[in-house]
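Below is one structure, written out as structure tokens; the observations come after it.
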Amino acid sequence: MLSYRSDQEKGFESEIGILQQAKQQSLLDKHQTNELLTDYQKLMASYEKLLRATKKILYISDMQGMALKRCEDDIKALLNNANQGFMTFGRSGLIHKQFSHACQMLLKRKPNGMHVAELLWGDSAKTETQVRQILERLFKEEDETLKGSILAELPQHVEVHERHLELSYKWIKQEDAETDSEVVMLVMTDVTDQLLSKAKADYLSFHDSLTGLYNRAYVESILAELFIEEQLPVSIVLMDMNGLKLANDVFGHQLGDRLLTQAASLIQASYGEKAIAARWGGDEFIALLPKTTATECAALISELQAMCLQQESYPIQVNMAIGSATVQHVGDPFHLFFNLAEKEMYKHKLIEGKHVRRSLMANINQAMYERQIEDRRHIERVGRLALELAHFIGIAPYSAQMNTLKLLIDLHDVGKVVIPLHILFQAGPLSEEEWEVMRTHSEIGYRMAISLGEPALAEAILAMHERWDGGGYPYGLREKQIPKISRLFAVVDSYDIMIHDQVYKKALTPEEALQEIAKGSGGQFDPRMAAAFLAYMERNKGEETTCLD
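Residue numbers (the numbering used here): 8 to 556.
What follows is the structure, encoded as structure tokens:
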């Protein structure tokens, strides 16, 4: 366009230059006597006016052409970025023009020259034939008002190359058209992502995202249609995960999620396809069993429990408290039988709770040994020494304190289960940030023991690194603010650590270690507990002293 305008400008300038030369020539004396001079000058003036008018007209025309070109480019840009395909076809059904790049992108081929029915429905002979017949009727129909209803008979959706396209049609009448005067504009919109999002939203509205089971909303939506004569008897089974909170607190939510998905798989496998299984709440499941008697239901529950026992037990085995009730008659209130099943479930949960906690404690110990957080020989040595010292200072063998001490021996470092191994086993000195992480193991152990239902153990673990002079962590407790068994165990644990090689320090002799205990008396250690330990190490184990406070 710019080159064309430049050529035009040069042409006009050349003509005007020639005209100016002619005007100058006409002023020469030798032409003044020519009787045609006046007519010649008038002709030149008229030609100059014509030239300037023509130049102006062409300039305006060029501006209009450029504006139209810009408008066309803008429209093309809009269409190409609309993520929609725009095509037209006429009476023959052949695509003769596409108006956006999306046509080729969506169809994975060049559509021009192809019949629209073959292009979109070529893999379905029946649909292709139907579309051809509808188009034939459309272009034969003379009544404009009926054409819209015929267009509506065309398919509104099509799947092409695993993409879902929404189709819309517009009848267009073209004036002064070079080919067809009547065409159909076909607009293709890719709605794949919207459909997938809607399908996902629809799925999640009635399904649990973690386990894939139905959710509570779905169960509540079908209750009315489930408890009818044809489905009775309907058995209701409620299941509550035993130890899930403990597993989350001790081993993290990743394990808890794994247990939930494992439980869901077992429920589906044991109850079969006829059951409506759902996640009812955080750690609760429900199964509705149509046409299932109480006896049949009990057999299915036994099967589920047997399947749970066959699962891997480390670090914790899937275990569920289960209750059930069976609706026999139409009109029996669902909530009444639900409450009966729930009551039975909680009764079993209460009975099984202690067993689950004991199992989890055993698994925690196993985890510490497998990660080499604890050394069995250290636990055996310090356990024997701690129990003997406890007896030496007068703690009764079957007292609550002695029971807590036994738990503390096994679980005093339980919080280290979640400390990164590179910090636990670092040979060199820890950075301040790493020390901050390491110091958290007392509080982590406290929370774990609380979850295990052992508050006295939790307090003892929390105070394991407190000092008699108040210089310890995490809370700077001092003197008798520190639980007695924590003060006792601190002395024994420190002694055993000192007389054995550590990654950061060589072992001391027993005599050197006892000297360190004496030096720490009144600072790191309870002075009376340190004195009792030193006395115990020099006396026979059978000797007793006054019970310390």
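Beta carbons: idealized from backbone N, C-alpha and C, even for Gly.
query, result
"Using the rule of at least 16 other Cβ atoms within 10 Å of the residue's Cβ for burial, across every protein chain shown, is Ser-277 buried or exposed?", "buried"
"Check each candidate in Lys-423, Lys-115 and Arg-139 and name the one with the smallest Cα separation from Gly-97.", "Arg-139"
"Asn-41: buried (16+ other C-beta within 10 angstroms of its C-beta) or exposed?", "exposed"
"Tell me, to the nearest whole angstrom, how far the beta carbon of Asp-508 is from that of Arg-388; I am working on the premise that it is less than 8 Å.", "Not quite, the Cβ-Cβ distance comes to about 14 Å (not below 8 Å), so this is no contact."
"According to the neighbour-count rule (16 or more other Cβ atoms, all chains shown, within 10 Å of its Cβ), is Ser-107 buried or exposed?", "buried"
"Can you tell me whether DSSP reads Asn-370 as helix, strand or coil?", "helix"
"Once you ignore the five residues that flank Thr-333 on each side, which residues in its own chain have a CB closer than 8 Å to its CB?", "Pro-240, Val-241, Ser-242, Ile-243, Thr-299, Thr-300, Ala-301, Cys-304 and Phe-344"
"Quick check: what's the CA-CA separation for His-355 versus Arg-286?", "19 Å"
"Tell me which same chain residues have a C-beta within less than 8 Å of the C-beta of Lys-104, skipping the five on either side of it?", "Met-94, Thr-95 and Asn-119"
"When you compare each of Ile-25, Trp-128 and Gly-219 to His-171 by their alpha carbons, which one comes out closest?", "Trp-128"
"Considering only the beta carbon of each residue, do Gly-100 and Leu-142 sit closer than 8 Å?", "yes"
"Can you list, in chain order, the residues of its chain whose CB lies under 6 Å from that of Pro-490, leaving out five sequence neighbours each side?", "Glu-466, Ala-467 and Ala-470"
"Taking the beta strand (DSSP E) that Leu-245 falls in, what are its first and last residues?", "241 to 248"
"Using a Cβ-Cβ cutoff of less than 8 Å, which residues in the same chain neighbour Ile-506 once the five nearest sequence positions on both sides are dropped?", "Ala-514, Leu-515, Thr-516, Pro-517 and Ala-520"
"Counting C-beta neighbours from all protein chains within 10 Å, is the total for Lys-548 16 or more, i.e. buried, or is it exposed?", "Legend: pLDDT at Lys-548 = 49, less than 50; position of this residue unreliable, no value from coordinates given."
"May I ask which residues mark the beginning and end of the alpha helix (DSSP H) holding Ile-430?", "428 to 431"
"Which same chain residues end up closer than 7 Å to Lys-180 when comparing Cβ atoms and leaving out the 5 residues on each side of it in sequence?", "Ser-188 and Glu-189"
"When the Cα atoms are used, what is the spatial distance from Gly-401 to Ile-329?", "45 Å"
"Quick one: give me the first and last residue of the alpha helix (DSSP H) that Asp-256 is part of.", "251 to 258"
"Can you name the start and end residues of the beta strand (DSSP E) that Arg-170 belongs to?", "170 to 180"
"Using a Cβ-Cβ cut-off of 6 Å (strictly less than) and excluding sequence neighbours within five positions of Glu-310, which residues of its own chain qualify?", "Ser-277"
"State whether the stretch 245 to 254 contacts the stretch 266 to 285, with contact taken as three or more CB pairs (one from each stretch) at a distance under 8 Å.", "yes"
"Classify His-336 as buried or exposed, calling it buried when 16 or more other Cβ atoms lie within 10 Å of its own Cβ.", "exposed"
"In terms of residue numbering, what span does the beta strand (DSSP E) encompassing Lys-104 cover?", "102 to 105"
"DSSP state of Thr-199, grouped into three classes?", "helix"
"Taking a contact to mean a Cβ-Cβ separation below 8 Å, would you say Leu-367 touches Ile-416 in this structure?", "no"
"Start and end of the alpha helix (DSSP H) containing Ser-331?", "Here Ser-331 belongs to no alpha helix (DSSP H); instead the beta strand (DSSP E) covers 327 to 334."
"Which residues in the same chain have their Cβ closer than 8 Å to the Cβ of Val-444, if we skip the five residues on either side of it in sequence?", "Ile-426, Pro-427 and Ile-430"
"How many angstroms separate the CA atom of Glu-169 from the CA atom of Tyr-210?", "20 Å"
"Rounded to the nearest angstrom, what separates Phe-234 and Gly-338 at their Cα positions?", "8 Å"
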